[in-house]
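In the numbering used here, the protein residues as written are 131 to 267. Cβ coordinates follow ideal geometry from the N, Cα and C atoms, glycine included. Quick caveat, the model's predicted, so the values are computed rather than measured. A quick write-up on the structure given underneath.
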C-alpha cells in the first residue's frame with residue numbers, strides 16, 4: 131500500500147496543504163504558482179496505483195480533485211469575463227491558458243465521433259456541457 135513515504139505522494143500532499151489553506155482559489159499569483167507546481171509534479175508517468183493508496187491519502191486525493199475543479203471554475207469565470215469585454219471574443223480565445231488543451235480534447239472527441247459515423251457531421255450541438263462558460267469550446 132502506497133502512503134506518505136513515497137516522494138510523489140509527499141509532494142502532492144504538501145501542495146494539497148498549501149492549496150487548501152488559501153483564502154480563495156480565484157486566479158492570482160499564489161494560486162497559479164501552486165496549481166502549476168501540482169501539474170508539473172503530476173505530469174511525469176508514475177507507477178503508483180491510486181486505488182492502492184491508503185485511506186488518508188485517498189481522502190486527500192478526493193479533496194484535491196474537488197479543489198482543482200473549483201479553481202478551474204474560477205479560472206474559466208475569470209477569463210470568460212475578460213473575453214466578454216472584447217468586441218470579438220473569438221479573436222482572443224488564445225489568452226485562455228487551457229485553450230489549446232480544449233482544442234486537443236475537442237479534436238479527440240471529434241475523432242471518436244467520426245469512427246462511429248458513416249458521414250462526417252456538418253453541425254455540432256453542445257448539450258449538457260456543464261456550468262463552466264468555456265468548457266464546450
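Rounded to a whole number of angstroms, what is the C-alpha to C-alpha distance between residue i and residue j?
{"i": "residue 173", "j": "residue 192", "result": "18 Å"}
{"i": "residue 226", "j": "residue 169", "result": "17 Å"}
{"i": "residue 157", "j": "residue 218", "result": "23 Å"}
{"i": "residue 216", "j": "residue 178", "result": "45 Å"}
{"i": "residue 204", "j": "residue 254", "result": "27 Å"}
{"i": "residue 164", "j": "residue 197", "result": "12 Å"}
{"i": "residue 251", "j": "residue 244", "result": "8 Å"}
{"i": "residue 241", "j": "residue 136", "result": "38 Å"}
{"i": "residue 230", "j": "residue 222", "result": "13 Å"}
{"i": "residue 152", "j": "residue 246", "result": "45 Å"}
{"i": "residue 248", "j": "residue 228", "result": "31 Å"}
{"i": "residue 181", "j": "residue 147", "result": "21 Å"}
{"i": "residue 224", "j": "residue 194", "result": "27 Å"}
{"i": "residue 220", "j": "residue 212", "result": "12 Å"}
{"i": "residue 214", "j": "residue 233", "result": "19 Å"}
Taking buried to mean at least 16 other C-beta atoms within 10 Å of its own C-beta, is residue i buried or exposed?
{"i": "residue 201", "result": "buried"}
{"i": "residue 239", "result": "exposed"}
{"i": "residue 206", "result": "buried"}
{"i": "residue 190", "result": "buried"}
{"i": "residue 149", "result": "buried"}
{"i": "residue 235", "result": "exposed"}
Where does residue i sit, in a helix, a strand or coil, going by DSSP?
{"i": "residue 152", "result": "coil"}
{"i": "residue 250", "result": "coil"}
Comparing the C-beta of residue i with each C-beta of chain C, is any distance below 8 Å?
{"i": "residue 138", "result": "Protein chain content of the structure displayed is limited to a single chain, and chain C is not contained in it."}
Who are the Cβ neighbours of residue i in its own chain at under 8 Å, not counting the five residues just before and after it?
{"i": "residue 107", "result": "A query on residue 107 cannot be resolved here, the shown segment of the chain reaching from 131 to 267 and no further."}
{"i": "residue 141", "result": "171"}
{"i": "residue 208", "result": "156, 157"}
Below 8 Å on the Cβ atoms is my contact criterion, and I expect residue i with residue j to pass it. Report the Cβ-Cβ distance as a whole number of Å.
{"i": "residue 145", "j": "residue 171", "result": "7 Å"}
Below 7 Å, is the gap between the Cβ of residue i and the nearest heavy atom of the ligand GTP?
{"i": "residue 140", "result": "Although the ligand GTP was asked about, the structure shown includes no ligands whatsoever."}
Counting only the same chain and skipping the five closest in sequence on each side, list residues whose C-beta sits under 6 Å from that of residue i.
{"i": "residue 176", "result": "138"}
Whose C-beta lies closer than 7 Å to the C-beta of residue i among residues of the same chain, with five residues either side of it excluded?
{"i": "residue 160", "result": "152"}
{"i": "residue 167", "result": "145"}
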